[in-house]
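In full-length UniProt numbering, the protein residues as written are 1 to 336. Below: the structure, in structure tokens.
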Amino acid sequence: FGITAFMTALLLITILVYTWNEDLSKEFYDSFFLAAAGAIVLACFIGYLVSRSLTRPISSLTNTAFQIRNGDLSARSGVRGSDELGRLGETFDDMATALEKDLKLEHRLTSDVAHELRTPLMAILATVEAMQDGVLPADQERLENVASEARRLSRLVDAMLHLSRLENGSTPIRPVKNDLIALVQSLVKSQEPLFRERKICLQFINKTGHDQCFAEVDADMIREAIVNLLSNAMRYTDVNGLVSVTVSESRGDVVISVSDTGIGIAKEDIPQTFSRFWRSDSSRERASGGLGVGLSITKEILDRHNGTISIESELGRGTTFSLHIPHTQASRMGLN
């Protein structure tokens with residue numbers, strides 16, 4: 001740009017010089033050439049500024065790329081704007097953010113697996129070595145203990161992989177129109193025998209005021225989320241307790257709530273409830289057979305549906321988990 005401006009100014013000066021009246025005074029020529037020189041300097045300066053404005057974002061993108069290549073995944077170019085370079089900068093930073101998120105998920109998965117697999121692996125190894133040394137008899141009971149720990153290990157690995165795929169978006173979501181009332185009612189009926197064995201009452205309540213309530217959801221994922229909540233409620237509800245599954249509407253949202261009369265959650269512990277492997281009482285959780293990732297999976301499922309999950313709980317009185325599907329995802333029959 002600067003070179004073009006300079007050549008243009010020089011051409012104009014040449015034309016004016018050769019077409020000017022020869023009788024003009026020397027003073028006028030001096031003033032004219034001084035103004036022309038100033039115009040050339042100004043054109044070069046403007047060209048420099050324009051050139052710098054073009055090269056600065058490119059340099060920023062290049063430096064950021066080098067930082068990321070050297071392992072600093074938090075580096076961002078900060079290039080913004082409505083032109084092509086601005087859009088390139090925003091896309092580049094979005095790519096870096098996605099890359100950083102994926103790497104953090106990978107590191108967290110590796111750390112979690114290494115930590116959580118240690119306990120069942122140590123139990124299996126200790127039992128097998130004791131049987132090999134003759135300390136314990138290789139009877140049916142010991143073999144069943146080993147098999148039980150191995151099955152738990154397998155379930156944990158599957159759950160971790162499932163959660164990881166939900167978090168990084170590699171598990172596809174297939175939303176179709178579903179009647180949530182029919183879906184939840186059918187699921188409750190299928191779970192009743194399990195609760196009956198534990199002598200816990202399981203009931204379904206429809207508070208929508210309608211026979212049908214439709215939403216665009218992935219039915220399998222929603223079932224999985226509800227089953228996770230039901231399993232959690234069953235583990236922490238005593239004999240002769242009550243678990244209720246309710247479908248209602250609130251401010252245009254469809255709300256699926258699972259309430260129990262179990263042991264409850266301390267108020268200060270509620271913010272940590274959806275953290276993977278978090279336990280307010282590790283021995284209680286392990287004794288109940290929980291893997292520690294069910295609620296994390298449930299939250300990810302709701303996130304994938306642009307929904308939310310809330311908790312209301314009181315120690316010694318019970319807990320209510322509520323799944324909120326936004327009204328843009330849900331509609332009553334005939335009101336689409």
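Every residue, glycine too, gets a C-beta built ideally from N, C-alpha and C. Computed from a predicted model, the values in this text were never measured in an experiment.
Taking the alpha carbon of residue i as the reference point, which residue from the options has its own alpha carbon closest?
| i | options | result |
| --- | --- | --- |
| T261 | T237, P271 and K267 | T237 |
| T62 | L302, A159, N232 and G89 | G89 |
| G71 | D179, P193, S82 and A96 | A96 |
| L99 | T127, R69 and S322 | R69 |
| S170 | A123, R196, R142 and I301 | I301 |
| S259 | D93, I311 and G209 | I311 |
| L73 | V188, K101 and R87 | K101 |
| L121 | S154, T91, Q132 and Q203 | S154 |
| S82 | S231, G47, P57 and Q140 | P57 |
| I265 | I222, S231 and G316 | G316 |
| S190 | P271, I297, S231 and E141 | S231 |
| D303 | I222, V41, R235 and N240 | I222 |
| Q203 | D220, A233, L295 and E224 | A233 |
| I263 | S313, F274 and S244 | S313 |
| I205 | D179, E192, N228 and S244 | S244 |
| A150 | E129, L117 and V41 | L117 |
| G318 | L242, P137 and L295 | L242 |
| V239 | A65, C201, T55 and I309 | C201 |
| S60 | L42, V79, L143 and F45 | V79 |
| R142 | F66, T320, T127 and D269 | T127 |
| L166 | L85, A65, E224 and V146 | E224 |
Against chain D, with Cβ distances strictly below 8 Å, would residue i count as a contact?
| i | result |
| --- | --- |
| A138 | In the displayed structure, chain D is absent; only one protein chain is listed. |
Going by DSSP, name the residue or residues bridged to residue i.
| i | result |
| --- | --- |
| N178 | A215 |
| L202 | V243 |
| V255 | S248 and H324 |
| T308 | H324 |
| D260 | V243 |
| G318 | E314 |
Less than 8 Å between the CB atoms is what I'm expecting for residue i and residue j, so what's the real figure, rounded?
| i | j | result |
| --- | --- | --- |
| I181 | V255 | That pair is no contact at about 12 Å. |
| I325 | D211 | That pair is no contact at about 18 Å. |
| V293 | L163 | 5 Å |
| D94 | S77 | Wrong, their Cβ atoms sit about 11 Å apart, outside the cutoff. |
| V184 | I124 | Contact flag wrong, Cβ pair sits at about 38 Å. |
| S296 | F274 | 6 Å |
| S186 | S257 | With 8 Å as the limit, S186 and S257 do not qualify as a contact, their Cβ atoms being about 17 Å apart. |
| T298 | L229 | 6 Å |
What are the uninterrupted segments assigned as alpha helix (DSSP H) that are 4 or more residues long and contained completely in the UniProt domain "HAMP" (52-104), given in chain order? Fully enclosed alpha helix (DSSP H) runs of 4 or longer: not present.
Stretch pair the segment 204-215 + the segment 167-180: three plus CB contacts closer than 8 Å: The way I'd put it, the segment 204-215 does touch the segment 167-180; three or more beta-carbon pairs between them come closer than 8 Å.
With contact counted as at least three CB pairs below 8 Å, one residue from each stretch, are the segment 184-202 and the segment 149-160 in contact? Output reads no: the segment 149-160 does not touch the segment 184-202.
Scan the segment 132-173 and note each continuous alpha helix (DSSP H) run of 4 residues or more that stays entirely inside, going in chain order. Listed in chain order, the complete alpha helix (DSSP H) runs (minimum 4 residues) inside the segment 132-173 are 140-168.
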